[in-house]
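*Asks:* In the numbering used here, the protein residues as written are 300 to 720. First the structure, which I've put down as C-alpha cells, then a few questions once you've had a look.
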C-alpha cells in the first residue's frame, strides 16, 4: 500500500531569488483569477462550462501571446498549470459538496485570490525538473539554486515541491514523497482510550494525565502589546507593514511551539500503544461558546489528525467513537448510566460501590467503546455487561406505543418488568 508523506523544510532565498519567487506567486495568482473570471462570465452568459483544456489554452497559451499577459512567460509553465489545477480541484469539491457526494461541511465556490493574502504558494511537479543538488541546494526552474535547511533526509525522491511564503515572511518548501510501504513498529499489547479536555489536555485510560500547556494564554500579554502597537500605525505606511510582520511572527511562534509539542506527544502515544481511540468532538460547535479561546488554544483537531495519520503510517489501529456516547455518565465498571453531571463534579461513586474520577472514567469508556466498534474476529466481550435498567430509565412516556392489556409493576430485585393482567 503506497503512503504519501509530506516533508517541510525552511528556505533561505537571496534577494534576487525572492524577486523571482514574487513573480511566480503573482503569475500563479493571475492565472487562477483569470480562469475563475472566465468561468463566471461563461456561466452568466449562459454558455457551457469551460473544460480544463479549453481554459488552459485561453488563460495561459493564448494569454502569453498578448501584450497584457506576455510576462507570464517569465515563470515556469508548470507553476501556471498547477494554479489552474487548484482551480479545477476547487470547482470539483464545490460540485461534489452541493450534490451531496462530498462528506463534511459544505464547500463554497472558488474565490479570487488576493496579493494581500498572508500566505502565497506555488507548486512544482516532476515535469518542471526541479532537483535536489548534491550540495544540498534546491534547483527550481527560472528561480535558481535555493539554500535549504535540511532537518532530516528524504526517504525517497519527491514527486512535487511546493514553495510557501507565510505571514511571518518566512519561506518553506514542502516535498511530497510516496513510499511503497508504510513503516511498522514492534507490536505491543497495550491499548489506550483518550479523553481530551481543557484543564488536562489529555487523560489516558491508564490514568496518565497530560497537562494543557496553553501556549496562546502564555503569549497573550506579548501578543496584546504587539497588536496595540499595530493599531497605532497609519494604514498603508511602511511601519504598519513591519508591525504586521511582528504580530505574524509572534503568532507563528505560538503555532510552531504547539505543533512541535503535539508531534512529540502523538508520536509517544502511537509508539507505546497498538490501538488508540479518541472521542469525535464537535470542535466547531465548541468554538462558538465562551470557551472558544481555550478550545482553539488546545488544538484538538490537529492532534487527532496526527494520531490518525501516524497510526496508518506505523501499522497501528486508530478509531473515533461517536460524540454522543455518554462517556462521562456511564460507570466503566458495571455499565450503569448515572445521568448528566455538571463540570464541577470531578468524581462520583456508582451504586456498585466504585468511585470514579470523571476524566479517567471517561477515558476508560472511550477505550471500551472503541474496542466494541473495532472488535476483533474472535468476538471478545469488550463492553461492560448489561444490567437491569433503573426506575428513571424505565418509565413509559405518554406518546409511546405499548401492547394492549399490559401493565408495569416495579420489582425490587429486577427493576421494572412487564406482566399481563
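By construction, the Cβ of each residue, glycine as well, lies at the ideal position given by its N, Cα and C atoms.
DSSP has residue 307 in a bridge; who is on the other side?
*Replies:* According to DSSP, which records beta bridges pairwise, residue 307 is partnered with 473.
*Asks:* Examine the Cβ distances between the region 412 to 428 and the region 584 to 598 and report whether three or more of them are shorter than 8 Å.
*Replies:* With the cut-off at 8 Å, the region 412 to 428 and the region 584 to 598 do not touch.
*Asks:* By the DSSP assignment, the alpha helix (DSSP H) with residue 397 in it spans what residues?
*Replies:* Residue 397 -> alpha helix (DSSP H) spans 376 to 397.
*Asks:* Pull the bridge partners of residue 444 from the DSSP assignment, please.
*Replies:* DSSP lists 438 as partners of residue 444.
*Asks:* For residue 355, which option in 504, 377 and 423 has the closest C-alpha, if you only look at C-alpha atoms?
*Replies:* Residue 355 has its Cα closest to that of 377, out of 504, 377 and 423.
*Asks:* Alpha carbon to alpha carbon, how far is residue 584 from residue 594?
*Replies:* Between residue 584 and residue 594, the C-alpha separation is close to 10 Å.
*Asks:* Starting from the C-beta of residue 455, find all residues in its chain whose C-beta is less than 8 Å away, skip the five residues before and the five after it, and write them out in chain order.
*Replies:* Contacts found: 476, 477 and 478.
*Asks:* As a quick exercise: from 468, 381, 412 and 414, pick the residue whose alpha carbon is nearest that of residue 427.
*Replies:* Here the closest residue by C-alpha is 381.
*Asks:* Below 8 Å between beta carbons: does that hold for residue 673 and residue 618?
*Replies:* For residue 673 and residue 618, yes; Cβs fall inside 8 Å.
*Asks:* Which residues share a DSSP beta bridge with residue 463?
*Replies:* According to DSSP, which records beta bridges pairwise, residue 463 is partnered with 420 and 471.
*Asks:* Examine the Cβ distances between the region 604 to 612 and the region 630 to 639 and report whether three or more of them are shorter than 8 Å.
*Replies:* Short answer: they don't touch.
*Asks:* Measuring CB atoms only, is the region 487 to 505 touching the region 318 to 326, in the sense that at least three cross pairs come out at less than 8 Å?
*Replies:* Output reads no: the region 318 to 326 does not touch the region 487 to 505.
*Asks:* So, does the region 439 to 448 touch the region 304 to 312, judging by three or more C-beta pairs under 8 Å?
*Replies:* Result yes; three or more Cβ-Cβ pairs closer than 8 Å.
*Asks:* Are residue 627 and residue 667 closer than 8 Å when you measure CB to CB?
*Replies:* No.
*Asks:* Quick one: residues in its chain with C-beta nearer than 6 Å to the C-beta of residue 451, no 5 flanking neighbours on either side, listed in chain order?
*Replies:* If we look at residue 451 and ignore the five residues flanking it on each side, it has no Cβ neighbours.
*Asks:* Let me know the secondary structure DSSP gives residue 354 once reduced to three states.
*Replies:* In the structure shown, residue 354 sits in a helix (DSSP, three-state: H, G or I).
*Asks:* Determine the closest residue to residue 573 out of 554, 320 and 487, with distance taken between C-alpha atoms.
*Replies:* Cα-wise, what sits closest to residue 573 is 487.
*Asks:* In terms of residues, what are the limits of the alpha helix (DSSP H) holding residue 568?
*Replies:* Per DSSP, residue 568 belongs to the alpha helix (DSSP H) from 537 to 571.
*Asks:* If you reduce the DSSP assignment to three classes, tell me which class residue 324 lands in.
*Replies:* Residue 324: helix per DSSP, three-state reduction.
*Asks:* Name the DSSP beta bridge partners of residue 617, please?
*Replies:* 575, per the DSSP bridge assignment.
*Asks:* List the DSSP bridge partners of residue 508.
*Replies:* Note: residue 508 sits in a beta bridge opposite 502.
*Asks:* State yes or no: is the C-beta of residue 549 within less than 8 Å of the C-beta of residue 519?
*Replies:* Their beta carbons are not under 8 Å apart, which means residue 549 does not touch residue 519 by this criterion.
*Asks:* Contact between the region 407 to 416 and the region 328 to 340 is defined here as three or more beta-carbon pairs at a separation below 8 Å; is this criterion met?
*Replies:* As far as the Cβ criterion goes, the region 407 to 416 touches the region 328 to 340, which means the pair count is three or higher.
*Asks:* On a CA-only basis, which of 581, 649 and 512 is nearest residue 624? Give me that one, please.
*Replies:* Ranking the options by Cα distance to residue 624, first place goes to 581.
*Asks:* Got a sec, what are the start and stop residues for the alpha helix (DSSP H) residue 596 sits in?
*Replies:* Its alpha helix (DSSP H) spans residues 591 to 597.
*Asks:* At what residues does the alpha helix (DSSP H) containing residue 671 begin and finish?
*Replies:* Counting along the chain, the alpha helix (DSSP H) containing residue 671 begins and ends at 657 to 672.
*Asks:* Considering only the beta carbon of each residue, do residue 375 and residue 457 sit closer than 8 Å?
*Replies:* Going by C-beta atoms, residue 375 is not nearer than 8 Å to residue 457.
*Asks:* Should residue 556 and residue 602 be called a contact, given that it needs their Cβ atoms to be closer than 8 Å?
*Replies:* Contact flag unset, no.
*Asks:* According to the neighbour-count rule (16 or more other Cβ atoms, all chains shown, within 10 Å of its Cβ), is residue 369 buried or exposed?
*Replies:* Under this definition residue 369 is an exposed residue.
*Asks:* Are the CB atoms of residue 621 and residue 579 nearer to each other than 8 Å?
*Replies:* Yes, these two residues count as a Cβ contact at 8 Å.
*Asks:* Suppose you measure from the CA of residue 542 to the CA of residue 521; what does that come to, to the nearest Å?
*Replies:* If you take the alpha carbons of residue 542 and residue 521, they lie about 13 Å apart.
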